[in-house]
Amino acid sequence: MIGYILQGMIWTVVITLSSFAIGAVIGVAVAGARTAPFLIVRGIGRVWVEIIRSVPPLVWLFVVFFGLAEVGLRLTPLQAAIFTFGIIASVYLGEIYRGGLATLDRGQIEAARALGLGSFDLLTKIIAPQIFRTVSPSMVTYGMGLMKDSALASTIGVVEMTFRASQQAQTTGQGLAAFAIVGAAYLLLSIPLGVLARRADTKSRLKYVVN
Amino acid sequence: MTKGELPYLSAKNIVKDFGDNRVLDDVSIEIHSGDVISIIGPSGAGKSTFLRCINLLETPTSGVLSIGDFQIEIGEGHRRASKKELSTLRRNAGMVFQSFNLFPHLTVLENISLAQRRVLGRDKEEARARSMELLDRVGLKDKADQYPGRCSGGQQQRVAIARSLSLDPMVMLFDEPTSSLDPEVGAEILAVMRELANDGMTMMVVTHEMGFAKEVGDRVYVMVDGRIVESGPPAQVMSEPEHPRTKQFLSAVMGR
């Protein structure tokens, strides 16, 4: 039983990492829209964030998997899960970035602009490395939450850990064992993430001091 | 370097509104190559805003800017500056801020090399050589591998000057470069600026340092309530001011 359940771990990891990666990239656009100089763009960003955040992830998952199929876009359960969680992650990560951006001294952006640096360099050379320290703990916390949410993918038939555990519980009647195993597996996956977060934080803390 | 006859940098009829508030009201300035001009005046007169309009950190409501062969008209009916134009303008006008604004996550050397590599496309070695040369010039060669957080305020400002010089700008803009420093440390920065001026650098300095404006400046402009009320050779403006607001301002500053 242990082996069977743990084989599902790969899908838990795939869903978590892929949707986190998608969210981390699109999140930049979300944060950009939320802080744009134009009122309309800011408004659209705001509405988008509220819509995505206010609806439970499970509902979004069903909308994407069953709803899009109705209008002719048939996604596999795995695709639907990654897409859904990716979009949801982009909103939360975007808000985390925005929070980090608020801590950045405006003079940093001005200095970069005054030197003629373009937007891409500004983002990758000045903003990202400086806010990384502020945002990385929140990002890891969000990543852990995302990993747990990925269990929802079992409801649309992705054969990940939780799906397998509930299958085992039903066929063998050993629900306690099956879910204890899956619980321990999630715990095991979380621990390295926490360590990673702390290490990234202390490493950059050692490197430089902000006045 | 000889002082040229054609204006090197000019800002014509610059107007800047913040909402209903007119911060700059038809300000025009011309600088010739090698000139050092100072802009003085009471706080809130719009001096810094004007300087920031020149490299478009602040977009003027209307006006014409030109630097070297490059000219741009701003205002209704004119298109916005393209990214390329902005970059051209900015790399030709080096800016030194009151609060230094060094990048804290980069070493002193990286601070000075970054834009050389990304904006001018210099290779690593070329940028490094130029950076070290500039660090030597501001007397901080030994700080190359330090992070700015480990440098004193005066050292940070000197690095910031080197960083702006690294793009070989046509003109250097100084926005109250000594205001956040102790007078003694400020003197150190003024000495660096004086040397730059002696080397023929074209400079525009917003300052409260009357001594610097008087000794080093070729011309001084007095700005009050968003307008240039008086300009001329420093000795004349400072000893025989004509405008009542200039008199008022100077006596307040000198009387301290």
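Protein sequence lines correspond, in order, to chains A and B. Residue numbering for the first sequence follows our numbering, starting at 80 and increasing by one per position. Residue numbering for the second sequence follows our numbering, starting at 807 and increasing by one per position. Glycine included, C-beta positions come from ideal geometry on N, C-alpha and C. Remember, predicted model here, so these are calculated numbers, not experimental data.
Reduced DSSP category for A887/B - H, G, I as helix; E, B as strand; rest coil: As a working note, residue 887/B is residue 81 in the second sequence. Coil, per DSSP.
Whole-angstrom distance between S269/A and A191/A, CA atom to CA atom: Your numbering for residue 191/A matches position 112 in the first sequence. Your numbering for residue 269/A matches position 190 in the first sequence. Put simply, the backbone Cα of A191/A is about 38 Å away from that of S269/A.
Nonlocal neighbours in the same chain, by C-beta distance under 8 Å from M1044/B, ignoring five residues either side: Within the second sequence, residue 1044/B is the residue found at index 238, counting from 1. Within its own chain, the residues whose Cβ lies closer than 8 Å to the Cβ of M1044/B, once the five positions on either side in sequence are excluded, are M1016, A1019, K1020, V1026 and L1056, listed in chain order.
Residue interval of the beta strand (DSSP E) (run including I845/B): Counting from one through the second sequence, the residue named residue 845/B turns up at place 39. Residues V842 to I846.
Pairwise C-alpha distance: S816/B and M1010/B: In the second sequence, the residue the question calls residue 1010/B occupies position 204. In the second sequence, the residue the question calls residue 816/B occupies position 10. Taking the straight line joining both Cα atoms gives about 11 Å.
Nearest to G179/A (by Cα), restricted to the options I167/A, L201/A, S217/A and T163/A: As a working note, residue 179/A is residue 100 in the first sequence. Of the candidates I167/A, L201/A, S217/A and T163/A, the one whose C-alpha sits nearest the C-alpha of G179/A is S217/A.
Distance CB(I89/A)-CB(R243/A) smaller than 7 Å: The residue you call residue 89/A lines up with position 10 of the first sequence. The residue you call residue 243/A lines up with position 164 of the first sequence. At a Cβ-Cβ threshold of 7 Å, I89/A and R243/A do not count as neighbours.
Three-state secondary structure assigned by DSSP to L973/B: The residue given as residue 973/B occupies position 167 in the second sequence. If DSSP states are grouped into helix, strand and coil, L973/B belongs with coil.
7 Å Cβ cutoff, G111/A in contact with chain B: On the first sequence, residue 111/A is found 32 positions in, with the first residue counted as 1. Chain B contact via Cβ: absent.
M1029/B: first and last residue of the uninterrupted beta strand (DSSP E) it sits in: Within the second sequence, the letter at position 223 stands for residue 1029/B. Residues R1025 to V1030.
Candidates S919/B, S937/B, S958/B and L895/B, of which the one nearest F906/B by Cα: Numbered from 1 along the second sequence, position 100 holds the residue referred to as residue 906/B. Closest by alpha carbon: S958/B.
Which residues DSSP lists as bridging G900/B, in chain order: Locating residue 900/B in the second sequence gives position 94, where the first residue counts as 1. Answer is M978/B, bridged to G900/B.
Beta carbon of N819/B nearer than 7 Å to that of D832/B: The residue labelled residue 819/B in the question sits at position 13 within the second sequence. The residue labelled residue 832/B in the question sits at position 26 within the second sequence. Yes, Cβ-Cβ distance for N819/B and D832/B is below 7 Å.
Through-space distance from S198/A to H1049/B, alpha-carbon basis: Along the second sequence, one-based indexing puts residue 1049/B at 243. Along the first sequence, one-based indexing puts residue 198/A at 119. Looking at the backbone, the Cα of H1049/B and that of S198/A are separated by about 44 Å.
Nonlocal neighbours in the same chain, by C-beta distance under 7 Å from R132/A, ignoring five residues either side: Residue mapping note: residue 132/A aligns to position 53 of the first sequence, counting from 1. For R132/A, where only same-chain residues beyond five positions count, the Cβ hits under 7 Å are V170.
Chain B contact residues for Q253/A, given Cβ-Cβ distances below 9 Å: Here residue 253/A refers to the residue found at position 174 when the first sequence is read from its first residue. By Cβ distance, chain B contributes nothing, its closest Cβ being about 53 Å from Q253/A, past 9 Å.
Proximity winner among G1023/B, I1034/B and E982/B, relative to A1041/B (alpha-carbon distances): Taking the second sequence and counting its residues from 1, the one referred to as residue 1041/B is at position 235. Residue nearest to A1041/B within the set G1023/B, I1034/B and E982/B is G1023/B (criterion: CA-CA distance).
L194/A: first and last residue of the uninterrupted beta strand (DSSP E) it sits in: Here residue 194/A refers to the residue found at position 115 when the first sequence is read from its first residue. From DSSP, L194/A is part of no beta strand (DSSP E); its letter is neither H nor E.
Opening and closing residue of the beta strand (DSSP E) in which Y814/B lies: The residue you call residue 814/B lines up with position 8 of the second sequence. Element bounds for Y814/B: P813 to F824.
Closer than 7 Å to chain B by CB, G186/A: Here residue 186/A is taken as the residue at index 107 of the first sequence, counted from 1. By this cut-off, G186/A is an interface position.
For M240/A and G82/A, believed in contact at Cβ under 8 Å, the rounded distance: As a working mapping, residue 82/A is identified with position 3 in the first sequence. As a working mapping, residue 240/A is identified with position 161 in the first sequence. Not really, about 12 Å apart at Cβ, beyond 8 Å.
8 Å CB neighbourhood of Q253/A in its chain, flanking five on each side removed: Here residue 253/A refers to the residue found at position 174 of the first sequence. Excluding residues within five positions, the ones whose Cβ falls inside 8 Å are M80 and Q247.
DSSP three-state assignment for F906/B, whether helix, strand or coil: Translated into the one-based positions of the second sequence, residue 906/B becomes position 100. In the three-state scheme derived from DSSP, where H, G and I count as helix and E and B as strand, F906/B is classed as coil.
Contact residues within the stretch 204-225 of chain A, judged by C-beta distance below 7 Å to chain B: Those would be K204, I205, P208 and Q209, in chain order.
Beta bridge counterpart(s) of M1010/B as assigned by DSSP: As a working mapping, residue 1010/B is identified with position 204 in the second sequence. Note: M1010/B is bridge-paired with I843/B and L979/B in the DSSP secondary-structure output.
The stretch 841-857 of chain B in contact with the stretch 260-279 of chain A per 3-pair CB rule at 8 Å: Result no; under three Cβ-Cβ pairs closer than 8 Å.
N917/B classed as buried or exposed, judged by whether at least 16 other C-beta atoms fall within 10 angstroms: Position 111 of the second sequence holds residue 917/B. N917/B should be labelled buried.
S1045/B (DSSP reduced to helix, strand or coil): Locating residue 1045/B in the second sequence gives position 239, where the first residue counts as 1. Looking at S1045/B - three-state DSSP - the assignment turns out to be helix.
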